[in-house]
Each structure stands twice: as C-alpha cells, then as structure tokens.
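Here the structure is laid out as structure tokens; the discussion comes afterwards.
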Amino acid sequence: MSNSVISSDVKIEGNITGKGSIRIEGNVRGNLDFDDVFIVAGGSVTGDINAKSFTNEGNFEGNVSADEAELKVGSCSRINLKTQTLMIESSAIVVGEVNCGVPTRGPKQTSLGSTNVKQQSLNI
Numbered sequence: 005m006s007n008s009v010i011s012s013d014v015k016i017e018g019n020i021t022g023k024g025s026i027r028i029e030g031n032v033r034g035n036l037d038f039d040d041v042f043i044v045a046g047g048s049v050t051g052d053i054n055a056k057s058f059t060n061e062g063n064f065e066g067n068v069s070a071d072e073a074e075l076k077v078g079s080c081s082r083i084n085l086k087t088q089t090l091m092i093e094s095s096a097i098v099v100g101e102v103n104c105g106v107p108t109r110g111p112k113q114t115s116l117g118s119t120n121v122k123q124q125s126l127n128i
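Residue numbers 5 to 128, in the numbering used here, belong to the letters of the sequence shown in order.
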C-alpha cells in the first residue's frame with residue numbers, strides 16, 4: 005500500500021482513487037476512494053468519500069461512507085455520514101446527518117435478517 009499526500013499549496017478538481025492512505029493538506033473538490041482518508045487542519049475537501057477509515061481535522065463538505073470515522077477538535081464537517089463506528093471530539097463542528105452502526109461496504113442488504121446490528125441515526 006502506498007501513502008499519498010496532497011500538500012498545502014495544491015488545489016485539485018477531480019476524482020482521486022487509490023490504495024492505501026491519502027493525506028489532504030491542500031484543497032480537493034472531487035470524490036475520494038481510498039482505504040484511509042485524513043484531512044489535516046487547514047485541509048479542505050468538497051465531494052464524496054468512500055473509505056475504510058475517515059479522519060477530519062480540517063473542513064469537509066459532502067457524503068462519507070466509512071467503516072470508521074473520527075471528527076477531531078477544530079474540524080468542520082457538513083456531512084451525510086454512514087459509518088460503523090464514530091468518534092466526535094469536543095469542539096468539532098458537525099452539521100448534517102449521521103448514521104452510525106450501519107454496514108458501509110460490501111453488498112447492500114435489503115434486510116438485517118439475523119444480523120445483530122444496532123443502528124442509530126442522528127440529525128445534527
């Protein structure tokens with residue numbers, strides 16, 4: 005797996021797909037599909053994200069589907085989030101819809117059947 009970095013002096017418009025992780029220090033307007041997406045303080049993404057792990061310390065606006073999500077101190081997220089696990093730190097700004105405890109990857113299920121999943125929805 006590789007690690008990619010969009011440095012603070014870079015602005016990208018377009019979709020980015022890859023294996024491994026991507027660290028956003030600059031500005032991205034487009035969709036991201038990586039194993040791990042990390043937006044640092046000062047970084048900004050507008051678009052949709054599909055990842056195993058999503059961490060925001062900066063600014064994000066869009067949809068996220070991630071197994072794990074962390075919204076850190078000082079971050080601002082205008083978000084429609086679907087995740088298995090979620091951590092929101094104090095002073096993180098979150099505006100949007102959060103669905104926690106829902107399957108995020110793999111084939112879509114039409115019913116939970118015998119799967120033991122606790123689903124929670126939070127409108128912020």
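Quick reminder that beta carbons are idealized off the backbone N, C-alpha and C, glycines included.
Next on the checklist: At the level of alpha carbons, what is the spacing between A96 and P107?
Outcome noted: So the alpha carbons of these two residues sit roughly 24 Å apart.
Item to check | D37 and S25 closer than 8 Å at C-beta | outcome: With a cutoff of 8 Å on beta-carbon distance, D37 and S25 are scored as not near each other.
Checklist entry - In terms of residues, what are the limits of the beta strand (DSSP E) holding K56? => result In the DSSP annotation of this structure, the continuous segment of the beta strand (DSSP E) that includes K56 starts and ends at I53 to N60.
Checklist entry - Thinking C-beta only, is V77 closer than 8 Å to S57? => result The beta carbons of S57 and V77 sit no closer together than 8 Å.
Next on the checklist: Which residues does DSSP list as the beta-bridge partners of E65?
Outcome noted: Answer is T50 and R82.
Next on the checklist: I need the DSSP call for S3, collapsed to helix, strand or coil.
Outcome noted: The structure shown does not extend to residue 3, since the chain is modelled only from 5 to 128, so the question has no answer here.
Checklist entry - With a Cβ-Cβ cutoff of 8 Å, do G47 and G62 count as a contact? => result Note that the C-beta distance between G47 and G62 is below 8 Å.
Item to check | Between the CA atoms of K15 and S69 - distance to the nearest angstrom | outcome: S69 and K15: Cα-Cα distance of roughly 23 Å.
Next on the checklist: Taking 8 Å as the limit between beta carbons, can you name the residues of its chain near G22, skipping five residues before and five after?
Outcome noted: Around G22: S6, S8, D37 and F38.
Checklist entry - Between T87 and I10, what straight-line distance do the alpha-carbon atoms span, to the nearest angstrom? => result When only Cα atoms are considered, T87 and I10 end up about 24 Å apart.
Next on the checklist: If distances are taken between C-alpha atoms only, which option among E74, R82 and N54 comes closest to N60?
Outcome noted: Looking at the Cα atoms, E74 is the closest of the given residues.
Checklist entry - DSSP three-state call for F38: helix, strand or coil? => result It is coil, neither helix nor strand.
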